[in-house]
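Novice: One structure, as structure tokens, below. Some questions next.
Structure, rendered in structure tokens:
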């Protein structure tokens, strides 16, 4: 067999791409021809290293920058829409009017503007952080990514509805107990908020994860939330409840009443 | 949800969905560019650029075409644009200093074995096209059909070229190993 | 001549026996998720591209009567590995199930570094799940099992209800690390220079920390805590590490 043909066949052989006739031909050649066998060994080594090579991990910065960029693009696309539908004339007129107006009061508001810009910058950063958190919470294959998403919320000192909703969903539905627990922990930071408080109380009724049940009961005791005594009573009487949880619920009742 | 339906949503103005595509592809694209540029930091910048183009030029995505082919085409363009616009072209593409940094990344990683490090060194000796073919077919485990779609050529052509690249790499590898 | 022949036969017999002991089942895979549902197991990292299952039971006796037959179990699973476990691949997920509810085979699994290792076991029939030399992401959800983690880097999310968790972390750690037990202890060894945001908590146990770790306690919130909870930074903060044991103790040691 000519060398080039043989080389190609051996590579296909290693990749398991040959039909049985060709496979047998190659195998025969490998047995008969020591040189071919050496070639096979060498190619196999190189191919195996390539196929199993490790991947580099990009830094967190990449993700962060992406979220920031996406935020900008979303904003830009909204702006673009409103302008595009205006006829050229109006746009020009509006520009002139703006210019005149701008010159007039520009000086007057410049100070105010600066302040506003700073606020805007903070808001943008918040948005980017939020986006990052949301996309991490969405990762279905990696529990630790979701966990990191929840941890982002831990460092926020304010949460809007969207964040609270995402955290509640994680607390009640995430397949991983550690993620649920972390979500509860993050939410408990905002437990001064009446809305957050009420979702926490609601979760006590529906929560099935014993770890989270225990942590919730402890939190209710901390918050001195007497309204949950009835729920705790129900848990104690429910045959489905794990013994550990019952014990905790019972001790909760004692502390709250 | 398929990549394609997500991209169509992005095209329809639901830009937020691009996050999903980023999640699915950023590591692959980053690794592709890291191996092509052999410069980590640059690869991150270029990856960012790829996603920026995906979003900015979302209208140019043809419905029904494979998203994976498209994003790799964009990545290849970003890569070649970068080198066309920079002087690096004259110096044979690669900045020596950055490469040693890049190799240092690999060398520091203790869990990467010596043979793999050696192989990465040899990759640098290949032509850009050969390197690209190996990164796509072997390191990223793409099918010949997929690579053919990205490069807009035939499967047979890709196969021949991949085989040649493997043989070339093998040659460099065993030359170095003997030293 | 006769003697020689007997020796050869003995050697041959020995070889075939040996082969039986060293039985392996391999799957070529270096990404995706490996979901293990076994009462006990040892999972170890390795440099290859294959997930390799092997039996660690040396007294694996061959049942002559069973020749040519296959095992049928109440769970409807087939022993497709020859090791007493059923392994199925569904897309990016590889599932490992034991054939019988109450007895788990002795299995060791070698895993390449790109695979996420997930361990789930609810039943009380089981013992220790060991995870050794793994730079992989690990998820553990157990009820009764004890968990041992040795030379792992994280990320780790682990919970067990009745069991304990002992973990020795590598010098390069990837967060998050979250380990929870209700009745057992949580014992973690960290390199002294680890930069981390720690959260250590227990309801009825104790928290014990090596003196080398100087914790800057965060002051936040005005609520009085009924349970014991320490949250603060070591070495300036960084990685998120949460350890909690409700009824057991939390130990944080310096890795030697």
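Chains as they are written, first to last, in this note's numbering: chain D, 11 to 267; chain B, 39 to 217; chain G, 22 to 277.
Don't be surprised by glycine CBs; every beta carbon is placed ideally from N, CA and C.
In angstroms with no decimal places, state the Cα-to-Cα distance between residue 72/G and residue 78/B.
Specialist: Cα-Cα distance, rounded: 30 Å.
Novice: Measure the C-alpha to C-alpha separation of residue 192/G and residue 152/B and round it to an integer number of angstroms.
Specialist: Rounded to the nearest angstrom, the two C-alpha atoms are 21 Å apart.
Novice: Using the beta-carbon of each residue, which ones in chain D are nearer than 7 Å to residue 174/B?
Specialist: The premise fails here: residue 174/B is roughly 11 Å from chain D at the closest Cβ pair, so nothing lies under 7 Å.
Novice: With 8 Å set as the bound, which would you pick, yes or no: does the beta-carbon of residue 163/D sit closer than that to a beta-carbon of chain G?
Specialist: So, not an interface residue.
Novice: Chain B partners of residue 149/D, CB-CB under 7 Å?
Specialist: Neighbours of residue 149/D on chain B, chain order: 61.
Novice: Thinking C-beta only, is residue 96/B closer than 8 Å to residue 65/B?
Specialist: No, Cβ-Cβ distance for residue 65/B and residue 96/B is not below 8 Å.
Novice: List the residues of chain G whose Cβ lies closer than 7 Å to the Cβ of residue 61/D, in chain order.
Specialist: Those are 70, listed as they occur along chain G.
Novice: Pick out whichever of 106/G, 88/G, 85/G and 86/G has its Cα sitting closest to the Cα of residue 94/G.
Specialist: Among 106/G, 88/G, 85/G and 86/G, the Cα nearest to that of residue 94/G belongs to 106/G.
Novice: Judging by CA-CA distance, which residue of 188/G, 177/G, 114/G and 236/G is the nearest neighbour of residue 48/G?
Specialist: The shortest Cα separation from residue 48/G among 188/G, 177/G, 114/G and 236/G belongs to 114/G.
Novice: Enumerate in chain order the residues of its own chain whose CB-to-CB distance from residue 192/B is below 8 Å, with the five nearest sequence positions on each side excluded.
Specialist: If we look at residue 192/B and ignore the five residues flanking it on each side, its Cβ neighbours are 186.
Novice: By the DSSP assignment, the beta strand (DSSP E) with residue 142/G in it spans what residues?
Specialist: Segment 137–142, the beta strand (DSSP E) holding residue 142/G.
Novice: Determine, using beta carbons only, whether residue 18/D comes closer than 8 Å to chain B.
Specialist: With 8 Å as the cut-off, residue 18/D counts as an interface residue toward chain B.
Novice: Count the other CB atoms within 10 Å of the CB of residue 137/G; is the residue buried (16 or more) or exposed (fewer)?
Specialist: It counts as buried.
Novice: Checking contacts by CB at 8 Å: is residue 158/G closer than that to chain D?
Specialist: Yes, because at least one Cβ of chain D sits closer than 8 Å to the Cβ of residue 158/G.
Novice: Assuming residue 151/G contacts residue 211/G under a Cβ cut-off of 8 Å, what Cβ separation, rounded to an integer in Å, is found between them?
Specialist: Wrong, their Cβ atoms sit about 19 Å apart, outside the cutoff.
Novice: Does the Cβ of residue 237/G have 16 or more other Cβ atoms within 10 Å, making it buried, or fewer, making it exposed?
Specialist: Exposed is the call here.
Novice: Drop a sphere of 10 angstroms on the beta-carbon of residue 160/G, count the other beta-carbons inside from all chains shown, and report buried for 16 or more, exposed for fewer.
Specialist: Flag for residue 160/G reads buried.
Novice: For residue 36/G and residue 174/B, I'd like the C-alpha separation in whole angstroms.
Specialist: Model confidence at residue 36/G stands at a pLDDT of 44, short of 50, so the residue's coordinates are unreliable and nothing is read from them.
Novice: Give the secondary structure of residue 150/G by DSSP, where H, G and I count as helix, E and B as strand, and everything else as coil.
Specialist: It is a strand residue.
Novice: List in chain order: all unbroken alpha helix (DSSP H) runs of 4+ residues lying wholly within the region 123–201 of chain D.
Specialist: The region 123–201 of chain D contains these whole alpha helix (DSSP H) runs: 153–164, 171–183 and 187–199.
Novice: Does DSSP put residue 82/D in a helix, in a strand, or in coil?
Specialist: Residue 82/D falls in the helix class under three-state DSSP.
Novice: Please confirm if residue 192/D has its CB atom under 8 Å from at least one CB of chain G.
Specialist: Yes, contact with chain G.
Novice: Chain B partners of residue 75/D, CB-CB under 7 Å?
Specialist: Under the 7 Å cutoff, chain B gives 86.
Novice: Mapping the DSSP letters down to three states, classify residue 31/D as helix, strand or coil.
Specialist: The answer is helix: DSSP assigns residue 31/D an H, G or I state.
Novice: Measure the CB-CB distance between residue 238/D and residue 214/D and report whether it falls below 8 Å.
Specialist: Yes, they are a contact pair.
Novice: Are the Cβ atoms of residue 73/B and residue 177/B separated by less than 8 Å?
Specialist: It is a contact, given that the beta carbons lie within the stated cut-off.
Novice: By Cβ distance, which residues of its chain are closer than 6 Å to residue 171/B, with the 5 residues on each side in sequence left out?
Specialist: Excluding residues within five positions, the ones whose Cβ falls inside 6 Å are 199, 200 and 203.
Novice: If you draw a straight line from the C-alpha of residue 20/D to the C-alpha of residue 11/D, how long is it?
Specialist: Distance between the alpha carbons of residue 20/D and residue 11/D: 12 Å.
Novice: From this set, 80/B, 209/B, 63/B and 39/B, which residue's C-alpha is nearest residue 109/B's C-alpha?
Specialist: Nearest option by C-alpha distance: 63/B.
Novice: When you compare the region 88–107 of chain B with the region 176–187 of chain D, are there three or more beta-carbon pairs, one atom per stretch, that lie closer than 8 Å?
Specialist: No, because fewer than three Cβ pairs between the region 88–107 of chain B and the region 176–187 of chain D fall closer than 8 Å, the two stretches do not touch.
Novice: Taking only the alpha-carbon atoms, compute the straight-line gap between residue 86/D and residue 157/G and give it to the nearest angstrom.
Specialist: Their backbone Cα atoms lie some 40 Å apart in a straight line.
Novice: Does residue 42/D come out as helix, strand or coil in the three-state DSSP assignment?
Specialist: Correct three-state label for residue 42/D: helix.
Novice: With a threshold of 16 other CB atoms inside 10 Å of the CB of residue 169/B, please say whether the residue is buried or exposed.
Specialist: Classification for residue 169/B: buried.
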